[in-house]
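A quick write-up on the structure given underneath.
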Amino acid sequence: MKQRYEAEKAMTTFFFFLFIFSLLQNIYSQVDTITTTQLIKDGQTIVSSDGTFELGFFSPRNTSTNRYVGIWYKKISAFTPVWVANREIPIKDNSGILKVIKPGFLVLINVTNDTIWSTNSTRNVQNPVAQLLDTGNLVVRDANDHDPDNFLWQSFDYPTDTLLASMKLGINLVTGLERYLSSWKSDDDPAPGDYTYHCDPTGYPQDLMRKGPNVVYRAGPWNGLRWSGAPNMVNNSITSFGLVMNNQEIYYKFELVNKSVISTFELKPNGNAMRMIWVEKKEGWINYHSADADHCETYKLCGAYGTCTIFSDPVCRCLDKFEPKHPDDWNRTDWSSGCVRRSPLNCTGDGFIKYSGVKLPDTRYSWFNETMTLDECKLVCLRNCSCMGYTNLDISNGGSGCLLWIRELVDIRQLSESGQDIYIRMAASEIISSNDGSNRKKTVILAIVLPSLVVMVLLAVGACLILRSRQKRREETVHIEKGRLGHTSKKSDSNERHHEDFELPLFDLSTLIKATDNFSNQNKIGQGGFGKVYKGVLEGGQEVAVKRLSETSRQGNDEFKNEVVCIAKLQHRNLVKLLGCCIQEEEKILVYEYMPHKSLDLFIFDQSRSTLLDWPKRFNIINGIARGLVYLHQDSRLRIIHRDLKASNVLLDIEMNPKISDFGMARSFGGNETGANTHRVVGTYGYMSPEYAVDGIFSVKSDVFSFGVLVLEIVSGKKNRRFIHPDHNLNLLGHAWMLHREGRSSELVDFNAVESCYISEVQRSIHVGLLCVQQNPDDRPSMSSVVLMLTNESILQQPKPPGFFMERNIAHSTYSWSSHTPGSVNYVTITSLDAR
């Protein structure tokens, strides 16, 4: 009996201690702090207090027996390490232990008690602890120190391949510590790879990437708004960022504007540097933008004073007033030798020529001053014979500061609207040749004032000859321009200058006649209020869409020129590409890239073709249109308001990707302008916002309204204006609003998309569409917010009633919407529209 009692007592004690051990193990996996009395074994983790990040042991992709200590996101399904401790020395088994020891070190040891990895510290403390912060920063600090930012060591000082929000990329000028990213060697080996990404403080700070010791990509210097060579990396609804520069530190960092978004900047093993955003619905990361997006991002591709233009063939050419240093090499597409000035510098008589729309050259050999004016900067550069160019240091708020280059200028590319101005040193002869017009004018004035009778007689005769010659040229110009555009030579000259600025190809009428088989009806692929569109095949076999404005077209010269002006410089995957134009005799013709599937309205409003659009395709189209509008409203230098966004103006390529087209009614704005007022309301019934249709007030929020209508049409397969329901007289907006209020939004979905749809995704799209069509423009979201709302699970605010949504009298075409006063109705009839 006694032996049995002892056995039961021993068993009870064993299970008690086993319970305590498992409880402690569970506690260790939940805390965010390690003390000197605790340790983390392989299989245990600690979690940040908000549950976002987790620290523990891992093996890359579960394909290796090597074990590493790292930090990863706990809340997402895809395992994504963002920091690795022992990246160069893995542990070969599961014996690893991570612990804090006095006087303030975090160490990683193996089964034989060998130190695999450890932190460093210049201070000794008696009560050190390690803590995983909510930012993903692993820190070692003194538990007795009440300053939460006084760290003995932090992982943010030693990044691996990922830049997190609040992490600094740059150098501490006091300690000499540089924080930079280094890629993994491969996807399953976190050891340092070939590529590193730096905020280089040499000269004036700039972001650049190296492969080994060699620079392979450069984002350009900070200009107060963005990196000069990265026009898409601007503050937006997801991230805000900037450069911090003082006597102690120079660094770049970003912050998350929307804390619900998970976003990182990651340097891949192949050298791709990308802003990544986690999309929960897709359970994956998407590339928001890449640092080195095209061939022109290759560092110094075109050599000194060469400029890269991605849409040119070849991409490299010399700046104006320069010529290839070794022409034979350039003929073999080897541009590395660069270009030289046509006229050598003389130092004492040199001047400067302005070059616009460029990515600023490499600033590692530069000098800057934050308080100088541009004129003062010019004088400083002029006095230094080694100074090759200058510009404003900061382009925000009208421009300020001085940035000048001491050596030859390399790594320039043409960025058009998003680029900057730079003044490059040139010989006096080139300056004179650039100002021939003004010099000739001065010569004429000087000749006129010479007090000589003989000269006066000669001048009188010469003046007569000159006037006669000018009159003849003026008559010829008017004749030519009237034949081309049918309006005054002043406007025609302006139009011609626009074409020259855009370097837009001009097609001969005979070429387009041949390409379209003399504009035969068999080749006609569309027709609108402004003319017909034909399919054409050029001599090289390239398929094009030819938009021929009819003689009776309501799109006149201004609209034609406006479309050319707006679209010629716009380059985005969701905007249709303008290939060229033809202005000959009475013809005004635009040539676009050919879209095999034509326009969106041919699919969503056709019962048979709509079966080809399952829900994933429709959702992709919605997102593509949204991204195109973000580019128009925000990412291009001038804000572009389309003013006629509708289903027929969205074209589909071979993969059913959407491209916004028809910019005849578009308006552009500079600076912080977001809208205007017009007495001429043009557009299409059913897509126009109330404030535009009634008061002629249009803004980016007018496009948002049109986008909202389009979203509801894509989801439902029904036209807003022609929507009819047997139970009420609401239009599509009113019907969608009613279903949303009653919790029946899913009933709006086109039956052809029901089987393939994700209900939550559909309901979210409808919700976003209703937010976009709210009556008050201030209530509507921006398009950048729309993109974010469509791809994330964040909570959406409830929409207010849409414009033009209440009961309508079909016979009298009278629309109404609710005002801010409950129960009141404001009836408005739209009569001053231009038909489309």
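For the sequence shown, UniProt numbering begins at 1 and goes up steadily by one.
We put the beta carbon where it would ideally sit given N, CA and C, even for glycine.
Keep in mind the model is a prediction, meaning the values are calculated, not measured.
- Leucine 788: member of the alpha helix (DSSP H) spanning 783-791, first to last residue.
- Where phenylalanine 705 is concerned, the enclosing alpha helix (DSSP H) starts and stops at 700-716.
- Between the stretch 136-151 and the stretch 243-252 there are fewer than three C-beta pairs closer than 8 Å, too few to call the two in contact.
- Residue range 751-754 is occupied by the alpha helix (DSSP H) that includes valine 754.
- Judged by beta-carbon spacing, lysine 168 lies within the 7 Å limit of tyrosine 251, meaning their Cβ atoms are closer than that value.
- Unbroken beta strand (DSSP E) stretches of 3 residues or longer found wholly inside the stretch 297-367: 306-308, 316-318, 322-324, 339-341 and 351-359, given in chain order.
- DSSP lists Arg275 as the beta-bridge partner residues of histidine 289.
- Minimum Cα-Cα distance from asparagine 232 among the listed residues Arg210, Ser182 and Asn287 corresponds to Asn287.
- One alpha carbon belongs to arginine 609, the other to glutamate 713, and they sit about 15 Å apart.
- Distance from glycine 338 to glycine 306 at the Cβ level is roughly 5 Å; contact confirmed, criterion being Cβ atoms closer than 8 Å.
- The way I'd put it, the stretch 255-272 does touch the stretch 186-195; three or more beta-carbon pairs between them come closer than 8 Å.
- In the structure shown, glutamate 255 adopts extended strand secondary structure according to DSSP, grouped into three states.
- Between the alpha carbons of glycine 541 and glutamine 522 lies a distance of about 18 Å.
- Between serine 237 and serine 785, the CB-CB gap stays under 7 Å.
- In the pairwise beta carbon analysis, the stretch 373-390 is classified as not touching the stretch 322-336: fewer than three pairs are separated by under 8 Å.
- Contact annotation: leucine 788 and lysine 659 have beta-carbon atoms that are not nearer than 7 Å.
- Here leucine 181 is bridged, per DSSP, to Tyr197.
- Sequence-distant Cβ neighbours of cysteine 377 in its own chain, meaning closer than 7 Å and more than five residues away, are Tyr390, Cys402 and Leu404.
- Taking the Cα positions, aspartate 313 is about 12 Å away from asparagine 331.
- Counting only the Cα atoms, serine 661 lies some 21 Å from alanine 693.
- Inclusion of glycine 580 and phenylalanine 507 in the CB contact set at 7 Å is warranted, their separation being smaller than that value.
- In the displayed model, asparagine 113 falls within coil according to three-state DSSP, outside both helix and strand.
- Under the DSSP assignment, glycine 734 falls outside any beta strand (DSSP E), being part of the alpha helix (DSSP H) whose first and last residues are 732-741.
- Looking only at Lys547, Gly536, Arg141 and Leu393, the smallest Cα-Cα distance to lysine 588 is reached by Lys547.
- Of all alpha-carbon atoms in Ile310, Gln634 and Gly284, the one lying nearest the alpha-carbon of methionine 783 is that of Gln634.
- Tryptophan 153: member of the beta strand (DSSP E) spanning 151-154, first to last residue.
- Excluding sequence positions up to five before and after aspartate 188, its CB lies within less than 8 Å of the CB of Pro60, Arg61, Thr63 and Ser64, all in the same chain and listed in chain order.
- Of the other Cβ atoms in all chains shown, fewer than 16 fall within 10 Å of the Cβ of phenylalanine 751; this residue is therefore exposed.
- 7 Å or more divides the Cβ of asparagine 649 from the Cβ of glycine 686.
- Histidine 198 places its beta carbon less than 7 Å from that of tyrosine 180.
- Three or more beta-carbon pairs separated by less than 8 Å are not found between the stretch 725-733 and the stretch 581-600, which leaves the two stretches without contact.
- Fewer than three beta-carbon pairs drawn from the stretch 624-631 and the stretch 752-766 are found closer than 8 Å, and the two stretches are therefore not classed as touching.
- Annotation for cysteine 757: Trp615 and Val749 place their beta carbon closer than 7 Å to its own, counting only its chain and skipping 5 residues before and after.
- Between serine 429 and the set Gln126, Ala736, Asn346 and Gly357, the nearest pair of CA atoms involves Asn346.
- Counting only residues of its own chain and dropping the five nearest sequence neighbours on each side, aspartate 394 has a CB closer than 6 Å to the CB of Gly224, Ser400 and Gly401.
- By the neighbour-count criterion, in which 16 or more other beta carbons inside 10 Å mark a residue as buried, valine 754 falls on the exposed side.
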